[in-house]
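Asks: Submitted below is the structure of interest, expressed as structure tokens.
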Amino acid sequence: FQGIVSEAKSRNMTLKGVRAGIKVLVGPAKGGAPKRSGALKQAQGYRAAKGRKGKTIAFGVQGARKKFEKTYKGRRVVPGFYDHLVQGGTRPHRLGKGEKLERFEVRKSADVFRPGTSQTTGGKHPGSKPNPYRRRAFMANKDAIGKAASQAMGAELRKILAKAGKS
């Protein structure tokens, strides 16, 4: 019986439960992601791993993948770099030298020229409101996530017990 307990305590069983639960969260998180360029929605992924320090058995992380890139309006967009700013929002802040706000650029068309709308050096960014789409997805699907995790862990425990019964 000791062999069963030690194997059940091994991190594989818990890891499979974490992985099953976090897979449930990815779909709703993609659905709630802001759709400005679509990059944040496409970049949503997950990672589950065994714990390495202390009493952490396994953990899961859901968010924008670091290696995902997209081109939007001729610029390289890497959602992993700004996902936390969307989640928590930003305070108003000064812009650096040579930077400008895209929405304040001078617009030129055939018949309209609006001077004075260009953001100059040293201006202020107005900040942004938080959009905790991942938290909303988690809160709405908390029960389904727990159910998926417990089912996966139960199935793994049954496999362990079946192996122990054969021995």
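Heads up: the sequence shown begins at 18 in this note's numbering, then just goes up one per residue. For glycine and all other residues, C-beta sits at the position ideal for the given N, C-alpha and C. Small disclaimer: the values here were computed from a predicted structure and weren't measured.
1) Rounded to whole angstroms, what is the Cα-Cα separation between Pro149 and Lys70?
2) Using the beta-carbon count (16 or more within 10 Å), is Thr73 buried or exposed?
3) Assign Gln168 to buried or exposed, taking buried as 16 or more other Cβ atoms, counted over all protein chains shown, within 10 Å of its Cβ.
4) Closest to Phe155 by C-alpha separation, out of Met30, Arg28, Val35, Pro45, would be which residue?
5) Given that a residue counts as buried once 16 or more other Cβ atoms are within 10 Å of its Cβ, and exposed if not, what is Gly48?
6) Counting C-beta neighbours from all protein chains within 10 Å, is the total for Val103 16 or more, i.e. buried, or is it exposed?
7) Could you round the C-beta distance between Asn166 and Gly34 to whole angstroms and report it? I think they count as a contact, below 8 Å.
Replies: So, to answer that:
1) For the purposes of this step, residue 149 is taken as the residue at position 132 of the sequence shown. For the purposes of this step, residue 70 is taken as the residue at position 53 of the sequence shown. When rounded, the distance between both Cα atoms is 29 Å.
2) In the sequence shown, counting from the first residue as 1, residue 73 sits at position 56. Thr73 comes out exposed.
3) In the sequence shown, the residue the question calls residue 168 occupies position 151. By the neighbour-count rule (16 or more Cβ atoms within 10 Å), Gln168 is not buried but exposed.
4) Numbered from 1 along the sequence shown, position 138 holds the residue referred to as residue 155. Cα-wise, what sits closest to Phe155 is Pro45.
5) Your numbering for residue 48 matches position 31 in the sequence shown. When all chains shown are included, Gly48 counts as exposed.
6) Counting from 1 along the sequence shown, the entry for residue 103 is found at position 86. Looking at its Cβ environment, which holds 16 or more other Cβ atoms inside 10 Å, Val103 is buried.
7) Stepping through the sequence shown from its first residue, residue 166 is reached at position 149. Stepping through the sequence shown from its first residue, residue 34 is reached at position 17. Position check: residue 166 holds Ala in this sequence, whereas Asn was assumed. Between Gly34 and Ala166 the Cβ distance is about 4 Å, and since that is below 8 Å, they are a contact.
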